[in-house]
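Engineer: Using the numbering used here, the first residue of the sequence shown is number 1066, and each one after it goes up by one.
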Amino acid sequence: MKRFYLVRHAQTAWNSDNRIQGHSDVPLNPAGEEQAKRLGALFATRHLTGIFTSHLLRSQQTAHHIAAGNGHGVHPIVEQRLAEMHLGAWEGLTPEEVDARFAGAYQQWRIRPSTVQIPGAELLGAFRQRVSRTLEHIVSSSGEGEYVIVSHGGVIAALLAEVLGADYDALLRRLRLDNAGVTALECGMAVRHVLWINATGHLDGTGTLPPLTRGGWF
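1) At the level of alpha carbons, what is the spacing between residue 1069 and residue 1227?
2) Spell out the partners DSSP gives residue 1113 in its beta bridges.
3) Just reading off the alpha helix (DSSP H) that residue 1204 is part of, what are its end residues?
4) Measuring CB atoms only, is the stretch 1217-1224 touching the stretch 1136-1145, in the sense that at least three cross pairs come out at less than 8 Å?
5) Report all residues from its chain with a CB closer than 8 Å to the CB of residue 1254; omit the five preceding and five following residues, and keep chain order.
6) Can you give me the C-alpha to C-alpha distance between residue 1256 and residue 1165, rounded to a whole angstrom?
7) Checking 8 Å against the spacing of the C-beta atoms, do residue 1248 and residue 1071 come in under that value?
8) Does the Cβ-Cβ distance between residue 1265 and residue 1243 come in under 8 Å?
9) Excluding sequence positions up to five away, which residues of its chain have a Cβ less than 6 Å from the Cβ of residue 1275?
10) DSSP puts residue 1313 in a beta bridge; with which residues?
11) Does the Cβ-Cβ distance between residue 1127 and residue 1075 come in under 8 Å?
12) Taking 7 Å as the cut-off, is the CB of residue 1138 close to at least one heavy atom of the ligand COA?
13) Given a cut-off of 8 Å, decide if residue 1084 and residue 1157 are closer than it, judged by their beta-carbon atoms.
14) Do residue 1148 and residue 1129 have their beta-carbon atoms positioned less than 8 Å apart in this structure?
15) Span of the beta strand (DSSP E) holding residue 1249?
16) Would residue 1214 pass as a contact of residue 1117 if the rule is Cβ separation under 8 Å?
17) What residue does the beta strand (DSSP E) around residue 1072 start on, and which one ends it?
18) Once DSSP output is grouped into helix, strand and coil, what is the label at residue 1119?
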């Protein structure tokens, strides 16, 4: 089985201001740089086989900190299909601004994203298909080992919905994915396991990665 650590990029100024980013290319802010360094320290003890990142700057910056901290000579590979969903006219706005300009559309999105058509945005079904196929490509083309995939909250949520066979709309309402949080999957050619979701103990110095042993049902 191959292990994949899904890392949401570290914080940007737009994250801090609660602005919708999508494909907008916003760099890490000082808090994000510190988070990314902590990710580098977290993965320093893992013998990583590879690191993949979306092409967006906030993701690449996070990935480079992880590579620098790891020290095993692994260089991030840019995979553009790992980019966040393109959110069209909403990008750069806060949820309150979206609701004011688009008749409460953000609140509708929070209830059932699949019912909302965002002007100029990527279609939700196409986005989910894009990231699902990208994970399949990475899994099938990678050898045994441990890998980090640095991407975005929407991407990780879409991958979790695929692996869990969950309704994406329902999952988004119940899922928290923090900046620089780590989610872990084990992947074979025919089976996927979710090991944990959104580990963040490394960000305040209280923890490392959760245990990697797999328990039983009882």
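From the three backbone atoms N, C-alpha and C, an ideal C-beta is built for every residue, glycine too.
Structural biologist: Looking at the atomic coordinates:
1) 15 Å
2) Answer is 1211.
3) Bounds of the alpha helix (DSSP H) holding residue 1204 are 1189-1206.
4) The answer is no - the stretch 1136-1145 does not touch the stretch 1217-1224, with fewer than three Cβ pairs under 8 Å.
5) 1204 and 1205
6) 44 Å
7) yes
8) yes
9) 1261 and 1264
10) Any answer about residue 1313 is impossible in this case: the structure gives the chain only from 1066 up to 1283.
11) yes
12) In the structure shown, the ligand COA is absent, as is every other ligand, since no ligand is present at all.
13) yes
14) no
15) Run containing residue 1249: 1247-1252, per the beta strand (DSSP E) assignment.
16) yes
17) 1067-1073 is the extent of the beta strand (DSSP E) around residue 1072.
18) DSSP, read as helix, strand or coil, puts residue 1119 in coil.
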